[in-house]
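**Student:** Residue numbers (numbering that gives the first Met the number 0): 0 to 695.
One structure, pasted below without further comment.
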Amino acid sequence: MEKTDLTDPDLYFNRELSLLQFQWRVLAQASDESVPLLERLRFLCISSTNLDEFFEIRVAGLMHRAALESTSGSADSLTPEQLLARISDEAHRLVDEQYRVLNEVLIPELAKQRIHFLKRARWNQKQAAWIKRYFSNELLPVLSPLGLDPAHPFPRVLNRSLNFIVALEGKDAFGRDSRIAIVQAPRSLPRLIRLPSSLANGDTFVFLSSIIHTHVSELFPGMNVTGCYQFRVTRDSDLFVDEEEIDDLMRAIKGELSSRRLSDAVRLEVADNCSDEMAEYLLQKFKLDSEDLYQVNGPVNLNRLLEIHDLVDRPDLKYPPFTPGIPKRLKNNDDQFEVIRHGDVLLHHPFESFAPIISLLKQAASDPKVLAIKQTLYRTGADSPLVDALVEAARVGKEVTVVVELRARFDEAANIELATRLQDAGAHVVYGVVGHKTHAKLLLIVRREGRRIRRYAHLGTGNYHAGTARVYTDYGLLTCDKAIGEDVHRLFTQLTGLGKATKLRKLLQSPFTLHKRLLAMIDQEMNNARNGQPARIIVKINSLVESKIIAKLYEASQAGVKVDLIVRGICCLRPGVVGVSDNIQVRSVVGRFLEHTRIYYFENGDDPQVYCSSADWMDRNFFRRVETCFPLEDPAMKKRVINDGLLAYLADNTLAWQLQSDGTYRKVKQGNQKPRNVQRQLLEKLAADPGTEKSN
0 MEKTDLTDPD LYFNRELSLL QFQWRVLAQA SDESVPLLER LRFLCISSTN LDEFFEIRVA
60 GLMHRAALES TSGSADSLTP EQLLARISDE AHRLVDEQYR VLNEVLIPEL AKQRIHFLKR
120 ARWNQKQAAW IKRYFSNELL PVLSPLGLDP AHPFPRVLNR SLNFIVALEG KDAFGRDSRI
180 AIVQAPRSLP RLIRLPSSLA NGDTFVFLSS IIHTHVSELF PGMNVTGCYQ FRVTRDSDLF
240 VDEEEIDDLM RAIKGELSSR RLSDAVRLEV ADNCSDEMAE YLLQKFKLDS EDLYQVNGPV
300 NLNRLLEIHD LVDRPDLKYP PFTPGIPKRL KNNDDQFEVI RHGDVLLHHP FESFAPIISL
360 LKQAASDPKV LAIKQTLYRT GADSPLVDAL VEAARVGKEV TVVVELRARF DEAANIELAT
420 RLQDAGAHVV YGVVGHKTHA KLLLIVRREG RRIRRYAHLG TGNYHAGTAR VYTDYGLLTC
480 DKAIGEDVHR LFTQLTGLGK ATKLRKLLQS PFTLHKRLLA MIDQEMNNAR NGQPARIIVK
540 INSLVESKII AKLYEASQAG VKVDLIVRGI CCLRPGVVGV SDNIQVRSVV GRFLEHTRIY
600 YFENGDDPQV YCSSADWMDR NFFRRVETCF PLEDPAMKKR VINDGLLAYL ADNTLAWQLQ
660 SDGTYRKVKQ GNQKPRNVQR QLLEKLAADP GTEKSN
């Protein structure tokens with residue numbers, strides 16, 4: 000039998016097209032009647048925000064590669080030009096569907112609940128008079144119309160800002176015969192204006208764009224406005240910093256941030272009533288082609304509708320609130336060091352609270368026995384209670400070392416701010432390793448206890464961000480295991496000092512051991528399958544891209560290993576290919592919480608190995624980032640992660656989607672089965688009665 004070429008491009012989906020498939024799954028939540036109505040609107044906005052970032056980063060990068068006539072470096076072998084054409088087709092379909100859902104589904108459903116978006120044609124006399132006063136008092140003083148002529152060139156339009164192109168007739172006070180003007184809406188202005196209750200039936204809103212459209216002529220007295228069309232441009236937002244040519248990373252990133260808002264354009268959105276002449280004029284000004292134009296039936300800044308979720312006080316139209324659980328061992332003891340000494344603690348966010356991690360750091364900051372605190376920060380926020388505790392610890396004289404990743408995309412400015420704050424308090428702040436983002440989630444507390452030094456560690460799959468811990472699913476391990484503590488210490492030494500990578504006893508690490516070890520563990524499952532032993536792999540990650548891992552999973556499938564992949568977003572592996580991936584199934588779970596846990600399960604005969612990690616299975620995570628992967632060794636803890644973090648997701652028939660061999664996803668059908676919503680089950684189980692772990 001001829002051996003299958005596992006490098007065949009047909010066996011690999013393109014990562015960008017796979018990411019667009021994820022946006023379809025997010026958008027599908029907006030049409031799902033089982034989801035509360037205002038949450039459906041929120042999902043619509045999330046799909047729009049995600050698409051913005053997709054253009055700012057992924058499409059922008061492809062445009063650069065196409066301009067350089069770069070060839071494909073991915074396993075699917077699509078050239079940048081081919082891929083841009085396919086992205087344009089798919090993105091146009093996605094945008095059309097976003098506005099169809101808004102106009103034909105959500106707006107009518109919201110109206111039934113007395114939540115209205117009032118169009119200009121439906122303003123009554125009193126509403127129109129109030130809106131006119133609002134324009135005169137609140138908008139007119141801050142709007143600056145820009146007539147275009149040789150003395151007034153086309154303005155520099157900020158990334159994702161709301162703007163209007165206005166067609167004019169007539170001469171102005173100076174006799175100028177200007178035909179086109181631009182009106183830019185300052186970002187300080189609300190995009191949705193609530194009408195007073197005396198003028199409205201329920202919660203009634205008017206779009207800022209509608210008000211400006213109606214009264215734009217007041218910005219051009221004596222001129223005849225023949226057209227006014229909203230538009231928005233999306234720009235390249237990826238930062239380029241040549242780390243080999245700089246001596247101060249913070250200063251370099253600050254310089255790049257200032258130019259991000261005015262970098263090259265990658266997409267133009269205009270109102271669908273915009274004339275062809277005006278659309279072509281804008282395309283020329285932004286140096287874009289016709290395939291980069293998106294004509295939309297509604298506000299061009301769709302994600303600003305997210306404000307409605309907070310502006311409208313309708314708990315009945317939102318997800319019910321919940322209080323995250325706290326494990327009984329932590330709830331009944333204020334001394335977290337004592338709790339951890341008696342056994343590891345595993346937290347499953349958001350079902351279990353992030354508060355114990357904050358409490359541990361606060362206790363460490365004030366504990367005279369604590370000598371040093373070390374922590375990595377990727378996405379945190381400058382006003383974080385964790386940062387407050389680190390600042391306090393530094394101020395009272397503890398040795399505080401913080402590895403701040405300045406290049407966390409779209410959080411660069413916040414991370415610069417918190418790094419400055421920590422330095423001002425006396426903490427040692429470093430920015431990781433040149434050429435590698437520090438994505439590992441680590442906290443180490445060094446404490447003197449009698450005659451010995453004990454290390455307490457926290458390792459997580461998610462960020463040290465109390466806000467996202469309420470909406471992202473993640474695991475966090477609190478431990479004082481000696482070997483793990485020593486491993487974490489060695490990792491911090493790597494990040495802050497110089498020297499060769501030292502061997503770790505329990506942790507796996509990128510860019511050194513994680514990729515190799517995963518390939519070896521997959522090989523072991525293949526050997527077990529061939530020898531008639533139990534063999535199974537279950538992996539829960541956010542993205543699966545790296546081609547060597549995918550090829551190895553194909554080999555495992557061919558060897559008879561059952562492979563279950565729970566991949567939230569990008570998946571480049573093609574399941575269901577006869578003779579290659581028959582034994583592989585891929586599902587994606589999209590629901591109330593953003594699935595973010597990374598769990599690796601290897602059956603290993605009768606001795607399952609379970610790891611949690613900060614790393615997805617992507618090239619960047621294996622080779623260009625500092626990542627950690629930690630084992631779960633306690634039998635009860637291991638069983639809990641297998642049941643709650645893996646098997647429950649494989650049993651879900653409410654939030655799950657199945658990846659097909661053609662690259663599309665189908666919603667998993669319930670059939671005659673009882674509905675199983677894994678996120679709801681975990682909320683009911685852990686928030687109500689969080690489990691406890693046995694002592695090691």
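Even glycine gets a Cβ: it sits at the ideal position worked out from N, Cα and C.
#1: Which residues mark the beginning and the end of the alpha helix (DSSP H) in which residue 514 is found?
#2: When the Cβ atoms of the segment 435-443 are set against those of the segment 455-468, are three or more pairs found closer than 8 Å?
#3: Give the straight-line distance between the Cα atoms of residue 588 and residue 490, rounded to the nearest whole angstrom.
#4: Excluding sequence positions up to five away, which residues of its chain have a Cβ less than 6 Å from the Cβ of residue 684?
#5: If we define contact as Cβ-Cβ less than 8 Å, is residue 392 a contact residue for chain D?
#6: Taking buried to mean at least 16 other C-beta atoms within 10 Å of its own C-beta, is residue 504 buried or exposed?
#7: Comparing C-alpha positions only, which one of 508, 498, 36 sits nearest to residue 621?
#8: Consult DSSP for residue 484 and reduce its assignment to one of helix, strand or coil.
#9: For residue 536, does the three-state DSSP call read helix, strand or coil?
#10: Do you know how far the Cα of residue 551 is from the Cα of residue 75?
#11: For the alpha helix (DSSP H) that residue 655 lies in, which residues bound it at each end?
#12: Output yes or no for whether 8 Å exceeds the beta carbon distance between residue 11 and residue 535.
#13: Exposed or buried, residue 26, counting other C-beta atoms within 10 Å across all chains shown (16 or more means buried)?
#14: I'd like the span of the beta strand (DSSP E) that includes residue 270, first residue to last.
#15: Taking only the alpha-carbon atoms, compute the straight-line gap between residue 357 and residue 404 and give it to the nearest angstrom.
#16: Rounded to whole angstroms, what's the CA-CA distance from residue 365 to residue 453? Just pull it up for me.
#17: Let me know the secondary structure DSSP gives residue 355 once reduced to three states.
#18: On the CB-based measure, 16 or more other CB atoms within 10 Å of its CB, does residue 39 come out buried or exposed?
#19: What residues are listed by DSSP as bridge partners for residue 324?
#20: Within its chain, find whatever has a CB closer than 6 Å to the CB of residue 144; leave out the 5 residues flanking it on each side and keep chain order.
#21: Go through its chain and collect everything with a Cβ distance to residue 675's Cβ below 7 Å, but skip five positions before and after it.
#22: Would you kindly check if the distance between the Cβ of residue 555 and the Cβ of residue 715 is under 8 Å?
#23: If we count the other Cβ atoms within 10 Å of its Cβ and call it buried at 16 or more, is residue 348 buried or exposed?
#24: Can you tell me where the alpha helix (DSSP H) holding residue 49 begins and where it ends?
#25: Is the separation between the beta-carbon of residue 645 and that of residue 537 shorter than 8 Å?
#26: Ignore the nearest five residues each way along the sequence and tell me which others in residue 402's own chain have a CB closer than 6 Å to its CB.
#27: In chain order, what residues of the same chain have a beta carbon less than 6 Å from the beta carbon of residue 359, not counting five sequence neighbours either side?
#28: Taking residue 201 as the reference, give the member of 29, 312, 58 with the closest Cα.
#29: To the nearest angstrom, how far is it from the Cα of residue 79 to the Cα of residue 288?
#30: Closer than 6 Å by C-beta to residue 294: which residues in its own chain qualify, once you throw out the five before and the five after it? Chain order, please.
#31: When the Cα of residue 422 is compared with those of 393, 14, 450, which residue comes out closest?
#32: Does DSSP put residue 146 in a helix, in a strand, or in coil?
#33: Give me the residue from 546, 605, 194, 648 with the minimum Cα distance to residue 72.
#34: Shortest alpha-carbon distance to residue 50 belongs to which of 301, 600, 466?
#35: Select from 44, 6, 216, 23 the residue whose C-alpha is nearest the C-alpha of residue 665.
#36: Could you compute how far the alpha carbon of residue 399 sits from the alpha carbon of residue 385?
**Tutor:** So, from the data block:
#1: Locating residue 514 in the sequence shown gives position 515, where the first residue counts as 1. Segment 513-529, the alpha helix (DSSP H) holding residue 514.
#2: yes
#3: Working through the sequence shown from its first residue, we reach residue 588 at position 589. Working through the sequence shown from its first residue, we reach residue 490 at position 491. Answer to the nearest angstrom: the Cα atoms are 33 Å apart.
#4: Residue numbering aside, residue 684 sits at position 685 when the sequence shown is read from its first letter. Here the set comprises nothing.
#5: Absent from the structure is chain D; it holds one protein chain and no more.
#6: Position 505 of the sequence shown holds residue 504. Exposed is the call here.
#7: By one-based count along the sequence shown, residue 621 stands at place 622. For residue 621, the nearest C-alpha among the options comes from 508.
#8: Reading the sequence shown from its first residue, position 485 is the one you call residue 484. Note: residue 484 maps to helix in three-state DSSP.
#9: For the purposes of this step, residue 536 is identified with residue 537 of the sequence shown, where counting begins at 1. Of the three classes helix, strand and coil, the one that applies to residue 536 here is strand, per DSSP.
#10: Walking along the sequence shown from the start, residue 75 turns up at place 76. Walking along the sequence shown from the start, residue 551 turns up at place 552. When rounded, the distance between both Cα atoms is 16 Å.
#11: For this step, residue 655 is matched to residue 656 along the sequence shown. Here residue 655 belongs to no alpha helix (DSSP H); instead the beta strand (DSSP E) covers 655-658.
#12: Within the sequence shown, residue 11 is the residue found at index 12, counting from 1. Within the sequence shown, residue 535 is the residue found at index 536, counting from 1. Result no, Cβ atoms of residue 11 and residue 535 do not sit closer than 8 Å.
#13: The count along the sequence shown starts at 1 and reaches residue 26 at position 27. It counts as buried.
#14: Along the sequence shown, read from residue 1 onward, the residue named residue 270 stands at position 271. Where residue 270 is concerned, the enclosing beta strand (DSSP E) stretches over 264-270.
#15: For the purposes of this step, residue 357 is taken as residue 358 along the sequence shown, with counting starting at 1. For the purposes of this step, residue 404 is taken as residue 405 along the sequence shown, with counting starting at 1. Their Cα atoms are separated by approximately 20 Å.
#16: For the purposes of this step, residue 365 is identified with residue 366 of the sequence shown, where counting begins at 1. For the purposes of this step, residue 453 is identified with residue 454 of the sequence shown, where counting begins at 1. When rounded, the distance between both Cα atoms is 17 Å.
#17: If you number the sequence shown from 1, residue 355 lands on position 356. Correct three-state label for residue 355: helix.
#18: Start at 1 with the first residue of the sequence shown, and residue 39 comes out as number 40. Residue 39 should be labelled buried.
#19: For the purposes of this step, residue 324 is identified with residue 325 of the sequence shown, where counting begins at 1. 351.
#20: What you label residue 144 is simply residue 145 of the sequence shown in a count that begins at 1. Once the five neighbours on either side are set aside, the close Cβ partners of residue 144 are 180, 182, 218.
#21: Start at 1 with the first residue of the sequence shown, and residue 675 comes out as number 676. The answer, listed in chain order, is 650, 651, 652, 653.
#22: One cannot answer for residue 715 here, as it falls past the ends of the chain, which runs 0 to 695.
#23: Numbered from 1 along the sequence shown, position 349 holds the residue referred to as residue 348. Per the 10 Å Cβ criterion, buried.
#24: Taking the sequence shown and counting its residues from 1, one reaches residue 49 at position 50. Looking at the DSSP string, the run of the alpha helix (DSSP H) that includes residue 49 is 36-52.
#25: The residue given as residue 645 occupies position 646 in the sequence shown. The residue given as residue 537 occupies position 538 in the sequence shown. Yes, they are a contact pair.
#26: On the sequence shown, position 403 is the one that residue 402 refers to. These residues qualify, in order along the chain: 375, 429, 431, 437, 494.
#27: For the purposes of this step, residue 359 is taken as residue 360 along the sequence shown, with counting starting at 1. Hits under 6 Å: 335.
#28: Here residue 201 refers to the residue found at position 202 of the sequence shown. Minimum Cα distance to residue 201 is reached at 312.
#29: By one-based count along the sequence shown, residue 79 stands at place 80. By one-based count along the sequence shown, residue 288 stands at place 289. Approximately 15 Å between the Cα atoms of the pair.
#30: Residue numbering aside, residue 294 sits at position 295 when the sequence shown is read from its first letter. Cβ neighbours of residue 294 beyond the five flanking positions: 269, 271.
#31: Working through the sequence shown from its first residue, we reach residue 422 at position 423. With distances taken between Cα atoms, residue 422 lies closest to 393.
#32: By one-based count along the sequence shown, residue 146 stands at place 147. The answer is strand: DSSP assigns residue 146 an E or B state.
#33: Indexing the sequence shown from 1 puts residue 72 at position 73. When each option's Cα is compared against that of residue 72, the closest is 546.
#34: Counted from its first residue, the sequence shown places residue 50 at position 51. The shortest Cα separation from residue 50 among 301, 600, 466 belongs to 301.
#35: Locating residue 665 in the sequence shown gives position 666, where the first residue counts as 1. The option with the nearest alpha carbon to residue 665 is 23.
#36: Here the question's residue 399 lines up with position 400 in the sequence shown. Here the question's residue 385 lines up with position 386 in the sequence shown. Their Cα atoms are separated by approximately 13 Å.
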